[in-house]
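Encoded as structure tokens, the structure appears first; notes follow it.
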Amino acid sequence: MKSTVKAALMLVFIAAVALVAYSLGRRETAPPPPTVPAESAAASPKAASPATPAPAAPNRAPLEKALALRDAGKLAEARDAMRELLVTAGDAQLVGEIQKALGDVNMQLILTPAPAPEKVDYVVQPGDSLARIAKMHNTTIEVIQKVNALRESIIHPAQRLRVMPTKFAVAVSKSANTLLLTDDGKFFKLYRCGTGQYNTTPVGTFKITDRIASPPWWKDGQTIPFGSKENVLGKYWLALDIPHYGIHGTWEPETIGRQSSQGCIRLINEDVEELYIILPAGTPVQVTE
1 MKSTVKAALM
11 LVFIAAVALV
21 AYSLGRRETA
31 PPPPTVPAES
41 AAASPKAASP
51 ATPAPAAPNR
61 APLEKALALR
71 DAGKLAEARD
81 AMRELLVTAG
91 DAQLVGEIQK
101 ALGDVNMQLI
111 LTPAPAPEKV
121 DYVVQPGDSL
131 ARIAKMHNTT
141 IEVIQKVNAL
151 RESIIHPAQR
161 LRVMPTKFAV
171 AVSKSANTLL
181 LTDDGKFFKL
191 YRCGTGQYNT
201 TPVGTFKITD
211 RIASPPWWKD
221 GQTIPFGSKE
231 NVLGKYWLAL
241 DIPHYGIHGT
251 WEPETIGRQS
261 SQGCIRLINE
271 DVEELYIILP
281 AGTPVQVTE
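With our numbering, the residue at position 247 of the sequence shown is 247, and numbering never jumps.
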């Protein structure tokens, strides 16, 4: 009897163990956590800022038309077109090109018989001289001689001379080291210049009082003749109405464009020669910082 009970209990125990084992085998493992898509796992890059558009190329067509007029010998028309372009051209490089071309055209107009509305054909009167005619039209003897191909200063009554009246003014910027020449307030030509070392060029409004070719130089009470290596004035001297100051040339072109002189305004010899030829005594000169 006892053995039968023990056998029954053993069967119950074995059945219970088998049931537990079966339940454990059926249990599902917890699902793995969801994976994050690679697209969202990585930090989203910032949107790229739009590229700055390149500035539009300046419109050169109007300048090319003006240059074509110049090349065709229509100097006055080319000048007028370039003057208008200076007002409308906003690009700095283009403005520089226009100024260079306009300056060259203006010099051709004033030094040749090329027609222009402001030029007059003057008939020489008895008692006239080139000096008198030049003063009447605020120009120089040299300009009248060049325009009319005069080798001498002798003129005769009833002779016709082409003359271009002018109203020149000079503006010098010490900081920019530039000399701007205007005629009746309009751009004529822009030059690079040198001004006084250590800011020694005086500021103010002056005028040209004398014009000298092949100038001597006075230093420390001594006269240094033209042609001497110690003469720093170059080929021409335009005296101002302030003692010891003027506009002159130089034998040292590398000093142009900076403060390099002893106080005067210096240009390369070729440029100061142009000013010597066309600027009469009395021309106003304004010097600014």
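Cβ coordinates follow ideal geometry from the N, Cα and C atoms, glycine included. It should be emphasised that the depicted structure is a prediction, and the values quoted were computed from it without experimental measurement.
Closest Cα partner of residue i within the set the options
i	options	result
Lys100	Asp184, Met82 and Leu279	Met82
Phe206	Arg258, Gly263, Gln93 and Ala171	Ala171
Gly234	Gln222, Val272 and Leu75	Val272
Gly257	Gly227, Pro215 and Thr195	Thr195
Ser214	Gln197, Lys186, Val232 and Ser260	Val232
Gln108	Pro157, Gln222, Lys146 and Leu150	Lys146
Sequence-distant residues of the same chain with beta carbon closer than 6 Å to residue i, five excluded per side
i	result
Thr283	Phe168 and Ile208
Asp121	Arg160 and Arg162
Ile212	Trp237
Beta-carbon proximity check, residue i vs residue j, cutoff 7 Å
i	j	result
Lys174	Glu289	yes
Ala111	Ile98	The displayed chain sequence assigns Leu, not Ala, to residue 111. Not closer than 7 Å, so no.
Ile247	Ile265	yes
Gly249	Thr200	no
Thr182	Thr139	no
Phe226	Asn106	no
Ala131	Ala76	no
Whole-angstrom distance between residue j and residue i, CA atom to CA atom
i	j	result
Lys119	Met164	4 Å
Pro34	Ala57	Confidence at Pro34 is low in this model, with a pLDDT of 46, below 50, so the placement of that residue should be treated as unreliable; the coordinate-derived value is given next. So the two alpha carbons sit approximately 57 Å from each other.
Gln93	Ile154	46 Å
Pro62	Asp80	12 Å
Gln286	Gly204	6 Å
Leu179	Val143	21 Å
Ile224	Ala114	41 Å
Arg60	Val95	11 Å
Leu240	Asn148	29 Å
Leu102	Gly127	37 Å
Asp91	His244	40 Å
Thr216	Leu69	Just to set this straight, residue 216 is Pro in the shown sequence, not Thr. C-alpha separation (whole angstroms): 43 Å.
Trp218	Cys193	22 Å
Gly73	Glu252	35 Å
Beta strand (DSSP E) segment containing residue i, residue limits
i	result
Tyr236	Tyr236 to Leu240
For residue i, the first and last residue of its enclosing alpha helix (DSSP H)
i	result
Gly73	Note, Gly73: premise wrong, no alpha helix (DSSP H); not H, not E.
Spatial neighbours of residue i in its chain, beta-carbon cut-off 7 Å, leaving aside the 5 residues before and after
i	result
Leu190	Gln99, Gly103, Thr178 and Leu180
Ala281	Ile208, Thr209, Asp210 and Arg211
Lys186	Arg83
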